[in-house]
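K.L.:
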Amino acid sequence: MKTIFALSLAALATELCSAHYTFDKLFVNDVAKGSANTYIRKHQNGYMPTKFKNAPSGSISPTNADFTCNKGSPPQRLRSSFGATGMMHPGPVQVYVTPVTNAASGAPPAGPWYKVYQALLCKAGAANTLQATAWCSWGEDKISFPIPATLPNGQYLARAEHIATHGGHVGKAEFCYACAQIQVTGTTASSIPGSNAQIPGVYAQSDSAVNFSVWGRSTSFDATPGPAVIAGGTIRGSPSGAGGDKSVTVAAARTSTSSVAPAPPAAPASSYSSVAPAASSTPAKQPPTCGGN
5 MKTIFALSLA ALATELCSAH YTFDKLFVND VAKGSANTYI RKHQNGYMPT KFKNAPSGSI
65 SPTNADFTCN KGSPPQRLRS SFGATGMMHP GPVQVYVTPV TNAASGAPPA GPWYKVYQAL
125 LCKAGAANTL QATAWCSWGE DKISFPIPAT LPNGQYLARA EHIATHGGHV GKAEFCYACA
185 QIQVTGTTAS SIPGSNAQIP GVYAQSDSAV NFSVWGRSTS FDATPGPAVI AGGTIRGSPS
245 GAGGDKSVTV AAARTSTSSV APAPPAAPAS SYSSVAPAAS STPAKQPPTC GGN
């Protein structure tokens with residue numbers, strides 16, 4: 005049985021509208037682990053989303069080193085959040101993972117980051133549906149994905165990301181992202197298959213996926229962002245949406261029982277394997293936010 009890992013949304017405390025949101029909770033098989041931001045690295049970016057063009061003062065761009073897990077996102081940082089209604093912008097969803105020695109501490113590495121999940125279009129139809137409901141993630145309040153059996157056992161940072169494309173036609177695609185701290189157990193894999201990327205560096209301002217327009221006559225999204233999903237990873241939907249809301253496993257992943265839990269704490273582990281924010285007496289509240297104008 006595959007373990008389903010999810011990051012759920014919370015609206016930005018400073019921007020109370022459905023367009024500005026963050027990922028603030030970790031779920032394993034639909035069960036919340038810890039409280040808000042306990043296992044999610046909290047960022048200190050005063051504005052979300054991140055943009056290549058016209059980003060406000062104090063924010064960052066996708067070329068900045070903090071594009072990995074967002075600006076100032078050590079586990080011990082705290083931030084309040086509010087409930088969100090879901091992702092209400094068009095655009096694809098990606099999840100990247102990178103192996104780390106200790107997921108509860110240390111700066112996130114630039115790479116290698118492996119794409120283990122992608123969600124594209126789940127409905128085919130007229131061009132106007134590409135502006136909203138055709139996207140698999142439209143209106144959803146979680147990014148959920150199975151842990152590939154092709155990931156070796158160990159600790160990882162998992163980076164969930166939504167690219168909102170409503171401003172892509174003028175170079176203003178919006179990136180909403182956050183990093184969770186996880187530990188994978190029960191697999192037999194010895195190495196991670198497939199290509200990887202550096203973050204920052206995974207996207208360029210000239211990329212067709214970043215500049216894609218949902219306001220023309222397009223009925224498909226062929227400009228897939230970033231590297232391919234690794235073998236054993238999952239693709240939900242398709243570039244055209246013709247197959248409906250279906251998920252497929254890339255290539256033939258070896259059969260293995262894999263499980264994921266919040267990665268182990270810095271203190272001696274108990275029987276439950278979990279990772280707690282380092283050097284903090286309270287849950288590490290850290291939501292990355294996204295959405296906007």
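Just add 4 to the spot in the sequence shown (first one is 1) and you have our numbering.
Using N, Cα and C, we set each Cβ at its ideal position, and we do this for glycine too.
Just so it is clear, the structure is predicted and the values come from calculations on it, not from any experiment.
By the DSSP assignment, the beta strand (DSSP E) with E178 in it spans what residues?
P.N.:
First-last of the beta strand (DSSP E) with E178: 178 to 189.
K.L.:
Of all the beta strand (DSSP E) runs that stay within the bounds of the stretch 154 to 179, which reach a length of 3 or more residues?
P.N.:
With a minimum length of 3 residues, the continuous beta strand (DSSP E) runs that stay inside the stretch 154 to 179 are 158 to 168.
K.L.:
Given D249, which residues of its chain have a CB within under 6 angstroms of its CB, disregarding the five upstream and five downstream residues?
P.N.:
The answer, listed in chain order, is C126.
K.L.:
Out of curiosity, what's the CA-to-CA distance linking C183 and L161?
P.N.:
6 angstroms
K.L.:
Under the rule that 16 or more other beta-carbon atoms within 10 Å means buried, what is D34, buried or exposed?
P.N.:
exposed
K.L.:
Tell me the DSSP secondary structure of F149 in three-state form.
P.N.:
strand
K.L.:
Residues in its own chain within less than 8 angstroms of P156 by CB, not counting five upstream and five downstream?
P.N.:
P103, V188, T191, A193, S194, S195, I196
K.L.:
Quick check: what's the CA-CA separation for D145 versus T105?
P.N.:
30 angstroms
K.L.:
If you drop the 5 nearest sequence neighbours on each side, which residues of the same chain put their C-beta closer than 7 angstroms to that of T253?
P.N.:
G236, T238
K.L.:
Kindly indicate which three-state DSSP category L311 falls into: helix, strand or coil?
P.N.:
Past the boundaries of the shown model lies residue 311; the chain is included only from 5 to 297, so the question cannot be answered.
K.L.:
By the three-class DSSP mapping on this structure, what secondary structure does A69 have?
P.N.:
helix
K.L.:
Does Q202 pass the burial test, meaning 16 or more other C-beta atoms within 10 Å, or should it be called exposed?
P.N.:
exposed
K.L.:
According to DSSP, is R240 helix, strand or coil?
P.N.:
Correct three-state label for R240: strand.
K.L.:
Whole angstroms is fine: what's the gap from M148's alpha carbon to W219's?
P.N.:
As written in the sequence, residue 148 is Ser, which differs from the Met given in the question. When rounded, the distance between both Cα atoms is 28 angstroms.
K.L.:
So for K57, helix, strand or coil by DSSP?
P.N.:
coil
K.L.:
Output needed for V206: all residues of its chain with C-beta closer than 6 angstroms, excluding positions within five of it in sequence on either side, in chain order.
P.N.:
G230
K.L.:
In the structure shown, what three-state DSSP assignment does A35 receive?
P.N.:
Checking the sequence shown, residue 35 turns out to be Val, not Ala. Reduced to three states, the DSSP call for V35 is strand.
K.L.:
Let me make sure I understand the geometry here. Which of V233, A246, G247, A255 has the alpha-carbon closest to that of V97?
P.N.:
V233
K.L.:
Quick check on the burial criterion: 16 or more other C-beta atoms within 10 angstroms. Buried or exposed for Y25?
P.N.:
Only weak support exists for where Y25 lies, its pLDDT of 46 falling under 50; the value from the coordinates is given anyway. It is buried - the Cβ of Y25 has at least 16 other Cβ atoms within 10 Å.
K.L.:
What three-state label does DSSP hand I8 in the structure shown?
P.N.:
The answer is strand: DSSP assigns I8 an E or B state.
K.L.:
Kindly list the residues whose CB is nearer than 6 angstroms to the CB of Y276, restricted to its own chain and excluding five residues on each side of it in sequence; keep chain order.
P.N.:
Only weak support exists for where Y276 lies, its pLDDT of 34 falling under 50; the value from the coordinates is given anyway. Excluding sequence neighbours, Y276 sits near nothing in its chain.
K.L.:
What is the rounded straight-line gap between the Cα of A3 and the Cα of P204?
P.N.:
The structure shown has nothing for residue 3, since the chain only spans 5 to 297.
K.L.:
Out of V101, N58, A59, which has the shortest C-alpha to C-alpha gap to Q185?
P.N.:
V101
K.L.:
Per DSSP, which one or two residues make a beta bridge with P103?
P.N.:
Y160
K.L.:
Where does V233 sit, in a helix, a strand or coil, going by DSSP?
P.N.:
Coil.
K.L.:
Reducing DSSP to helix, strand and coil, say where L125 ends up.
P.N.:
strand
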